[in-house]
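Read the structure below first, then the notes.
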Amino acid sequence: MRDITEQQLKRLIEAAIFVSEKPLSQENIKQTLLADYKVTKIRIITAIESLQCDYQNRGIQLIKVASGYRFQAVSELSEDLAALFKERAPRYSRALLETLSLIAYKQPITRGEIEQIRGVAVSSSIMKTLSERDWIKIVGHKEVPGKPAIYITTNEFLDYFSLSVLSDLPQLRPLTSNEKLTT
Amino acid sequence: MNEEMLNKDQPKEMVQQVLPLAMIRGEALIEQPKDLFIPPYALAIILEQFEGPLDLLLYLIRKQKFDIIDLPIAPITEQYMVYVELMKNVKLELAAEYLVMAAILAEIKSRLLLPKQVLEESEQDPRAELIRRLQEYEVIKYAAIELDKIPRIERDSHLTEVALANNFIPRTAITDIDITDLMRAFNEVMKRTAAFEHHHIQREVLSTRERMAMVLTKLTEASKYQPFIEFSRLFNANEGKSGVVVTFLAILELIKASLIECIQANVYGQLHVKLKEACQ
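In order, the protein sequences belong to chains B and X. For the record, in the first sequence the residue sitting at position 4 is 4 according to this note's numbering, with numbers rising by one throughout. In short: position in the second sequence from 1, add 1000, done, that's this note's numbering.
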């Protein structure tokens, strides 16, 4: 087990988060990147926090999402940065967003339950798109006739929306009372 | 889209459906229909704006400012039926979903029309279930709108891409497997293969008798230089398994016949074979 100074540790973690294709979690950093080094969990967290401070007021920031830490451009620059990217980001239909919201907020949920709330059939292509993007996954099958698949959202879904836990999702608005539904 | 025109024509209090509903014959049909009547030529396009019967019903309720408790079910149902009729030609599957809603509305209406009996007080308002569903759907409808606003990768968030230095060499994982593991695995495979093998009964190609003679010859020749010969030297690995087996059988036969003998000088030491005195 090798020793590492605070300064070296910070540099190494910074580089690792930058070059990694996926967000790096504290556990992941400890077990892979720092496997040969004598470091404690607290030292890693301190180094990351110190890095986050260093990046304040810069064009990029170090943020924590569901699967770990990643660097991204600060949101104030997004509009200007869009000029760099000719390809337009995919737009998602209301049907897809409603289906995804239902899975996110009401998980674990079956397709039938989604259809029940939306009042329309859920198209297979929507479920396919959501699965292909790794935003949802099947965790099991409900013990009812037909054994429908039970869906939940994934860490990749949270990463995509820069969230670290499900409770970071916007609060559902309360049910409109009967009077409010009329105004 | 025609945002400017839209803002001019759109009543302020309308928060939902901000985009022009449809383009009809080159003209933007910007406003939501003023009443329940939607021109038939625009219907198909307008219906695409709705995510199903609940969504359409919510819209109708908001548009008409109906009190959901005093839902004027008859006109809504009537309008619904017009839609359904038109939809039959376009999308039968979709029409079915709307038809169910029309049926629910008709059912509610008919139950409301029935004279109320005091006995049935405990009975739920027939509209309750529909209201619950509408409310539940509305929550999700807004949740989806909110979800769409969250900054997301590709559209709003830009991730960093950093290259590795030129001298970067990927570290290959050191495997913990050594040759014995490999051997064990291979043996397992061989065992499994053996289980599927058929038995072939064949005439012996190699004669044990012939091999006995060969072993004796070898020993006799060798005995000119030394009395013993190493057990392993009697075998010719090139002959394969059956050759080895036949040689071994031959040795056993020869020992049984007291023509040769096997000697082991020390524990775990090499086996040596020599001709019995009488044969020499």
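Where is the CB? At the ideal position from N, CA and C, for every residue including glycine.
Cross-chain neighbours of residue i in chain B, by beta carbon under 7 angstroms
| i | result |
| --- | --- |
| X/Thr1160 | Phe18, Ile60, Phe71 and Gln72 |
| X/Glu1239 | Simply none; closest approach about 51 angstroms. |
Neighbouring residues, chain D, relative to residue i (Cβ below 8 angstroms)
| i | result |
| --- | --- |
| X/Tyr1083 | Any reference to chain D falls outside this structure, whose protein chains are B and X. |
Residue i versus residue j - alpha carbon distance
| i | j | result |
| --- | --- | --- |
| X/Arg1209 | X/His1272 | 21 angstroms |
| B/Arg133 | X/Ile1150 | 17 angstroms |
| B/Gly102 | B/Thr129 | Reading the sequence as shown, one finds Leu at residue 102 of chain B and not Gly. The alpha-carbon atoms of B/Leu102 and B/Thr129 are separated by roughly 15 angstroms. |
| B/Ala82 | X/His1158 | 9 angstroms |
| X/Gln1280 | X/Glu1239 | Note that X/Gln1280 has pLDDT 46, beneath the 50 cutoff, so the model's placement of it is unreliable and the number below is only indicative. Cα-Cα distance, rounded: 28 angstroms. |
| B/Lys86 | B/Val74 | 20 angstroms |
| X/Leu1036 | X/Ala1102 | With a pLDDT of only 49 at X/Leu1036, under the threshold of 50, the placement of this residue in the model should not be trusted; the figure read from the coordinates follows. Roughly 14 angstroms separates the two Cα atoms. |
| X/Ala1237 | X/Leu1254 | 20 angstroms |
| X/Tyr1083 | X/Ile1140 | 24 angstroms |
| X/Glu1129 | B/Glu143 | 26 angstroms |
| X/Gly1052 | B/Leu51 | 49 angstroms |
| X/Asn1167 | B/Ala16 | 16 angstroms |
| B/Lys147 | B/His141 | 5 angstroms |
| B/Leu96 | X/Met1087 | 22 angstroms |
| X/Leu1259 | X/Phe1228 | 14 angstroms |
| X/Met1183 | X/Tyr1268 | 23 angstroms |
| X/Ile1030 | B/Leu172 | Reliability of the predicted coordinates at X/Ile1030 is poor, the pLDDT of 48 falling under 50, and no value is obtained from them. |
| X/Lys1241 | X/Phe1248 | 11 angstroms |
| B/Leu9 | B/Ala47 | 7 angstroms |
| B/Pro23 | B/Leu163 | 12 angstroms |
| X/Ala1185 | X/Asp1178 | 11 angstroms |
| X/Tyr1142 | B/Glu49 | 35 angstroms |
| B/Pro170 | B/Ser124 | 27 angstroms |
| B/Phe157 | B/Arg88 | 20 angstroms |
Residue environment, residue i, which counts as buried when at least 16 other CB atoms sit within 10 Å
| i | result |
| --- | --- |
| X/Asn1281 | Shown here, chain X extends from 1001 to 1280; a query on residue 1281 of chain X therefore has no answer. |
| B/Leu34 | buried |
| B/Met127 | buried |
| X/Lys1034 | For X/Lys1034, the predicted model reports a pLDDT of 49, less than 50, meaning its position is unreliable; a value from the coordinates is still stated below. Per the 10 Å Cβ criterion, exposed. |
| X/Lys1191 | exposed |
| B/Gly119 | buried |
| B/Arg111 | buried |
| B/Thr153 | buried |
| B/Leu84 | exposed |
| B/Gln72 | buried |
| X/Ile1263 | exposed |
Residue i (DSSP reduced to helix, strand or coil)
| i | result |
| --- | --- |
| X/Leu1112 | helix |
| B/Ala15 | helix |
| B/Phe157 | helix |
| X/Phe1228 | coil |
| B/Gln61 | strand |
| X/Asp1265 | The sequence given here has Ala at residue 1265 of chain X, not Asp. DSSP places X/Ala1265 in coil when its eight states are reduced to three. |
| B/Ala149 | strand |
| B/Gln116 | helix |
| B/Val165 | coil |
| X/Leu1160 | First, the amino acid is wrong: residue 1160 of chain X is Thr here, not Leu. Looking at X/Thr1160 - three-state DSSP - the assignment turns out to be coil, as it is neither helix nor strand. |
| X/Pro1033 | Residue placement at X/Pro1033 is poorly supported in this model, since its pLDDT is 49, which falls under 50; the coordinates are not used for a value here. |
| B/Tyr55 | coil |
| X/Phe1186 | helix |
| X/Gln1270 | coil |
| B/Thr40 | coil |
| B/Ile109 | strand |
| B/Tyr69 | strand |
| X/Ile1153 | strand |
| X/Leu1259 | coil |
| B/Leu172 | coil |
Interface residues of chain X facing residue i [CB-CB closer than 9 angstroms]
| i | result |
| --- | --- |
| B/Phe161 | Leu1147, Ile1150, Pro1151, Arg1152, Ile1153 and Ser1157 |
| B/Ser78 | Pro1151, Arg1155, Asp1156, Ser1157 and His1158 |
Per-residue contacts from residue i into chain X (C-beta, under 7 angstroms)
| i | result |
| --- | --- |
| B/Pro90 | Glu1154 |
| B/Ala95 | Glu1051 |
| B/Glu132 | Within chain X, no residue comes near B/Glu132; the closest Cβ sits about 15 angstroms away, beyond 7 angstroms. |
| B/Arg173 | Val1139 and Tyr1142 |
| B/Leu100 | Leu1147 |
| B/Leu51 | Under the 7 angstroms cutoff, chain X gives no residues; its nearest Cβ is about 13 angstroms from B/Leu51. |
Contact set between residue i and chain B, taken where Cβ atoms lie within less than 9 angstroms
| i | result |
| --- | --- |
| X/Pro1053 | Gly119 and Val120 |
| X/Glu1129 | Within chain B, no residue comes near X/Glu1129; the closest Cβ sits about 12 angstroms away, beyond 9 angstroms. |
For residue j and residue i, believed in contact at Cβ under 8 angstroms, the rounded distance
| i | j | result |
| --- | --- | --- |
| X/Arg1152 | B/Phe161 | 5 angstroms |
| B/Gly59 | B/Asn28 | Contact doesn't hold; Cβ gap of about 26 angstroms is too wide. |
| X/Ile1076 | X/Leu1105 | 6 angstroms |
| X/Ala1144 | B/Glu98 | 4 angstroms |
| B/Tyr37 | B/Arg2 | 5 angstroms |
| B/Leu100 | X/Leu1112 | Going by Cβ atoms, the distance from B/Leu100 to X/Leu1112 rounds to 37 angstroms, so no, they are not a contact pair. |
| B/Gln61 | B/Ile45 | Wrong, their Cβ atoms sit about 17 angstroms apart, outside the cutoff. |
beta-carbon residue i near the ligand NAP non-hydrogen atom, thresh 7 angstroms
| i | result |
| --- | --- |
| X/Leu1058 | Judged by which ligands are present, the structure shown has none, so any question about the ligand NAP falls away. |
Proximal residues of chain B, C-beta to C-beta of residue i below 8 angstroms
| i | result |
| --- | --- |
| X/Leu1164 | Val19 |
| X/Glu1078 | None at all; the shortest Cβ gap to chain B is about 20 angstroms. |
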